[in-house]
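Colleague:
There are 2 protein chains.
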Amino acid sequence: MAMNIRTLCLGILSFQEASGYELKKEVEDGMYSHFIDASYGSIYPALTQMNAEGLLTVRSEEQSGKPDKKVYAITEEGRAALAKSLAVIPAKDKFKSEFLFEMLLQQFISKDHMSRAIDKQHADLLEDLGRIEQMKKQECNCEDAGSKFVLGYGESVLRAAVNYLEAQYPRLQQQKMKAAE
Amino acid sequence: MAMNIRTLCLGILSFQEASGYELKKEVEDGMYSHFIDASYGSIYPALTQMNAEGLLTVRSEEQSGKPDKKVYAITEEGRAALAKSLAVIPAKDKFKSEFLFEMLLQQFISKDHMSRAIDKQHADLLEDLGRIEQMKKQECNCEDAGSKFVLGYGESVLRAAVNYLEAQYPRLQQQKMKAAE
DNA sequence: TGATGCATGTAATCCGTTACATGATTCA
DNA sequence: TGAATCATGTAACGGATTACATGCATCA
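Taken in sequence, the protein lines are chains A and B. When the count follows the numbering used here, it moves up by one through the first sequence with no breaks and lands on 181 for the last residue. When the count follows the numbering used here, it moves up by one through the second sequence with no breaks and lands on 1181 for the last residue.
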């Protein structure tokens, strides 16, 4: 079984009930943002399906000035399914970086393009770091050991990347300079 | 255009000619291993296709005691296509971690299972680090600035993850202990 | 008035993996 | 003798993304 969109939804819903839209937001800029992806096109069908299977319940919530939302909650069967999925030893982390690939192939790109790529990478890393710091400040999620651990892990790794990038930046610029002569 | 299997093959072949089998190996345990994935099922068709398009040339090489291999080499057109793909600012890094997801949902797993998951994560990280150290020792690839940068980046990030894991391990065990009481 | 956020959903498409098929050689 | 390495390839399948479709409210 292992990890897929279904397990992801069950996992988030085990903390709190939510709509499909809210789940997407959580994955996009919440606790899960830096190690998981999911789009509407996968979330909505998964919720409908799991509701039909009895792993979730739905309730329509009216909102003033906003469209109604379908709030999903996990059932006991859902919790059991989640536990079963988590009982598998997790697969190895997957890290995909077009940035590193491009850095490896420096010879094919201009100094200017490289600068822009590095700046973007730097900005992306800082953005992720900022999001983690914000979540650490909020008291809501930080009660449990799991959240603390995951936030700390992300922070360590991102910080290391930022530090490395900042330390190497001058060196890379120099080398490109020399190559241009 | 951006990054896909085609670009990946062109990129590796820009350093040295290789067979499909060798490309897979390079992606599996070489320089690219910790930030890129590719299987035979995607590599072989890509090579055939790009050869037909004139981005690559092939040559059959006989080997004693081993099957013949098809050695591919990049053409001028291939280099141009590669440069074009690299001219796009790289997409944001994608990091997927079932491990972190499982840590977040600690409450659903046993102390024993968690220990095994952490040990596996630790071993995976050390394996990647070991591969990087080995590549640093070899003189063959370390000439260019790109390789140095990429190896250093990987080393920094992986080292940070290992350190964090080792520092947090006792704390996590204690908490699971308390929870079991 | 035009962009952005809230909100749900479907269909086409892509991109790749997994499994299958084949076969020789070497090492334990 | 059985597993592992070298070596190439195809077909079925899966899993998710992208784009499309719709619509109201708010803010600049």
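Beta carbons: idealized from backbone N, C-alpha and C, even for Gly.
Using a threshold of 8 Å, state whether the C-beta atoms of B/Leu1047 and B/Gly1065 are closer than that.
Modeller: Walking along the second sequence from the start, residue 1047 of chain B turns up at place 47. Walking along the second sequence from the start, residue 1065 of chain B turns up at place 65. Cβ atoms of B/Leu1047 and B/Gly1065: not closer than 8 Å.
Colleague: Closest to A/Ile5 by C-alpha separation, out of A/Ser147, A/Gly41, A/Ala161 and A/Phe15, would be which residue?
Modeller: Residue mapping note: residue 5 of chain A aligns to position 5 of the first sequence, counting from 1. Here the closest residue by C-alpha is A/Gly41.
Colleague: Starting from the Cα of A/Tyr169, find the closest Cα among A/His122, A/Glu98 and A/Phe101 and give me that residue.
Modeller: In the first sequence, the residue the question calls residue 169 of chain A occupies position 169. The candidate whose alpha carbon is nearest that of A/Tyr169 is A/His122.
Colleague: Are the region 154 to 170 of chain A and the region 1045 to 1059 of chain B touching by the rule of at least three beta carbon pairs closer than 8 Å?
Modeller: No: fewer than three Cβ pairs fall under 8 Å.
Colleague: Do the CB positions of B/Val1150 and A/Leu100 come within less than 8 Å of each other?
Modeller: Along the second sequence, read from residue 1 onward, the residue named residue 1150 of chain B stands at position 150. Along the first sequence, read from residue 1 onward, the residue named residue 100 of chain A stands at position 100. Contact: yes.
Colleague: Determine the direct distance from the alpha carbon of B/Gly1011 to that of A/Leu105, and round the result to whole angstroms.
Modeller: Taking the first residue of the first sequence as 1, we reach residue 105 of chain A at position 105. Taking the first residue of the second sequence as 1, we reach residue 1011 of chain B at position 11. Cα-Cα distance, rounded: 7 Å.
Colleague: Count the other CB atoms, across all protein chains shown, that sit within 10 Å of the CB of A/Glu143; report buried if there are 16 or more and exposed otherwise.
Modeller: Working through the first sequence from its first residue, we reach residue 143 of chain A at position 143. Per the 10 Å Cβ criterion, exposed.
Colleague: Please tell me whether B/Leu1100 has its Cβ less than 8 Å away from any Cβ of chain A.
Modeller: Within the second sequence, residue 1100 of chain B is the residue found at index 100, counting from 1. By this cut-off, B/Leu1100 is an interface position.
Colleague: Under 8 Å, CB to CB, which of the residues in the region 1020 to 1042 of chain B have a partner in chain A?
Modeller: If the cut-off is 8 Å between Cβ atoms, the region 1020 to 1042 of chain B has Met1031, Tyr1032, His1034, Phe1035, Ile1036 and Asp1037 near chain A.
Colleague: Quick one: is A/Lys70 near chain B, going by C-beta distance under 8 Å?
Modeller: For the purposes of this step, residue 70 of chain A is taken as the residue at position 70 of the first sequence. No, A/Lys70 lies away from the interface with chain B (no Cβ there is under 8 Å from its Cβ).
Colleague: May I ask which residues mark the beginning and end of the alpha helix (DSSP H) holding A/Ala46?
Modeller: Numbered from 1 along the first sequence, position 46 holds the residue referred to as residue 46 of chain A. Tyr40 to Ala52 is the span of the alpha helix (DSSP H), which, as asked, contains A/Ala46.
Colleague: When the distance is taken between beta carbons, is A/Lys24 closer than 8 Å to A/Ala38?
Modeller: Walking along the first sequence from the start, residue 38 of chain A turns up at place 38. Walking along the first sequence from the start, residue 24 of chain A turns up at place 24. Cβ atoms of A/Ala38 and A/Lys24: closer than 8 Å.
Colleague: Looking only at its own chain, which residues have a Cβ that is under 7 Å from the Cβ of A/Lys69, when we skip the five neighbours before and after it?
Modeller: Taking the first residue of the first sequence as position 1, residue 69 of chain A is located at position 69. Correct list, in chain order: Ser19, Tyr21, Glu61 and Gln63.
Colleague: Taking the beta strand (DSSP E) that A/Ser19 falls in, what are its first and last residues?
Modeller: As a working mapping, residue 19 of chain A is identified with position 19 in the first sequence. Taken as a continuous stretch (DSSP letters only), A/Ser19 belongs to no beta strand (DSSP E), as it is neither H nor E.
Colleague: Cα separation between B/Lys1215 and B/Ala1117?
Modeller: What is shown of chain B runs 1001 to 1181, which leaves residue 1215 of chain B out entirely.
Colleague: Let's see if you can read the secondary structure: which residues bound the beta strand (DSSP E) around B/Ala1073?
Modeller: Taking the first residue of the second sequence as position 1, residue 1073 of chain B is located at position 73. Lys1069 to Ile1074 is the extent of the beta strand (DSSP E) around B/Ala1073.
Colleague: Around the Cβ of A/Gly130, are there at least 16 other Cβ atoms within 10 angstroms (buried) or fewer (exposed)?
Modeller: To locate residue 130 of chain A, count along the first sequence from 1; it is residue 130. By the 10 Å Cβ count, A/Gly130 comes out exposed.
Colleague: I'd like the list of long-range same chain contacts for A/Leu13, defined as Cβ closer than 8 Å, with 5 residues on each side in sequence excluded.
Modeller: Counting from one through the first sequence, the residue named residue 13 of chain A turns up at place 13. Excluding residues within five positions, the ones whose Cβ falls inside 8 Å are Leu23, Leu56, Tyr72, Ala73, Ile74 and Gly78.
Colleague: At the level of alpha carbons, what is the spacing between A/Gln138 and A/Gly146?
Modeller: Counted from its first residue, the first sequence places residue 138 of chain A at position 138. Counted from its first residue, the first sequence places residue 146 of chain A at position 146. Taking the straight line joining both Cα atoms gives about 15 Å.
Colleague: According to DSSP, is B/Leu1023 part of a helix, a strand, or is it coil?
Modeller: Translated into the one-based positions of the second sequence, residue 1023 of chain B becomes position 23. Residue state, collapsed to three classes: helix.
Colleague: Sorted by chain position, which residues of the same chain lie with C-beta nearer than 8 Å to B/Ile1109's C-beta, five sequence neighbours on each side aside?
Modeller: Taking the second sequence and counting its residues from 1, one reaches residue 1109 of chain B at position 109. Counting only Cβ-Cβ distances below 8 Å, and skipping sequence neighbours, we find Glu1102 and Ala1117.
Colleague: With DSSP collapsed to three states, give me the class of B/Leu1055.
Modeller: Residue mapping note: residue 1055 of chain B aligns to position 55 of the second sequence, counting from 1. Correct three-state label for B/Leu1055: coil.
Colleague: Among A/Ser85, A/Asp128, A/Ser115 and A/Gln107, whose alpha-carbon lies nearest the alpha-carbon of B/Lys1092?
Modeller: Reading the second sequence from its first residue, position 92 is the one you call residue 1092 of chain B. Nearest C-alpha to B/Lys1092: A/Asp128.
Colleague: Determine whether the beta carbon atoms of B/Phe1095 and A/Phe15 lie at a separation below 8 Å.
Modeller: Counting from one through the second sequence, the residue named residue 1095 of chain B turns up at place 95. Counting from one through the first sequence, the residue named residue 15 of chain A turns up at place 15. Contact: no.
Colleague: With C-beta atoms as the reference, is B/Leu1125 less than 8 Å away from B/Thr1007?
Modeller: Along the second sequence, one-based indexing puts residue 1125 of chain B at 125. Along the second sequence, one-based indexing puts residue 1007 of chain B at 7. Not closer than 8 Å, so no.
Colleague: Is the beta carbon of B/Glu1028 less than 8 Å from the beta carbon of A/Pro90?
Modeller: Along the second sequence, read from residue 1 onward, the residue named residue 1028 of chain B stands at position 28. Along the first sequence, read from residue 1 onward, the residue named residue 90 of chain A stands at position 90. No, these two residues do not count as a Cβ contact at 8 Å.
Colleague: What separation, rounded to the nearest whole angstrom, lies between the Cα atoms of B/Ser1033 and B/Arg1059?
Modeller: On the second sequence, residue 1033 of chain B is found 33 positions in, with the first residue counted as 1. On the second sequence, residue 1059 of chain B is found 59 positions in, with the first residue counted as 1. Going by the C-alpha atoms only, they are around 26 Å apart.
Colleague: For B/Ala1161, which option in A/Tyr164, A/His113 and A/Gly152 has the closest C-alpha, if you only look at C-alpha atoms?
Modeller: Locating residue 1161 of chain B in the second sequence gives position 161, counting from the first residue. When each option's Cα is compared against that of B/Ala1161, the closest is A/Gly152.
Colleague: Taking 8 Å as the threshold (C-beta atoms), are A/Met50 and A/Met135 in contact?
Modeller: Within the first sequence, numbered from 1, the residue matching residue 135 of chain A stands at position 135. Within the first sequence, numbered from 1, the residue matching residue 50 of chain A stands at position 50. Their beta carbons are not under 8 Å apart, which means A/Met135 does not touch A/Met50 by this criterion.
Colleague: Distance check for B/Glu1133 and A/Gln107, CA to CA, integer angstroms please.
Modeller: Numbered from its first residue, the first sequence carries residue 107 of chain A at position 107. Numbered from its first residue, the second sequence carries residue 1133 of chain B at position 133. If I take the Cα positions, the gap works out to 24 Å.
Colleague: Specify the secondary structure class of B/Gln1063 as computed by DSSP and reduced to three states.
Modeller: Counting from 1 along the second sequence, the entry for residue 1063 of chain B is found at position 63. DSSP places B/Gln1063 in coil when its eight states are reduced to three.
Colleague: What first and last residue would you give for the alpha helix (DSSP H) that runs through A/Lys137?
Modeller: Translated into positions along the first sequence, residue 137 of chain A becomes position 137. Where A/Lys137 is concerned, the enclosing alpha helix (DSSP H) stretches over Lys111 to Lys137.
Colleague: Residues bridged to B/Lys1094 by DSSP?
Modeller: Mapped onto the second sequence, residue 1094 of chain B falls at position 94. Answer by DSSP bridge pairing, in chain order: A/Lys96.
Colleague: Going along chain A in order, which residues have a C-beta closer than 7 Å to the C-beta of B/His1113?
Modeller: Taking the second sequence and counting its residues from 1, the one referred to as residue 1113 of chain B is at position 113. Simply Ala87.
Colleague: Please report how far the alpha carbon of A/Ala167 lies from the alpha carbon of B/Lys1148, in whole angstroms.
Modeller: For the purposes of this step, residue 167 of chain A is identified with residue 167 of the first sequence, where counting begins at 1. For the purposes of this step, residue 1148 of chain B is identified with residue 148 of the second sequence, where counting begins at 1. Using only the alpha carbons, I get a separation of about 13 Å.
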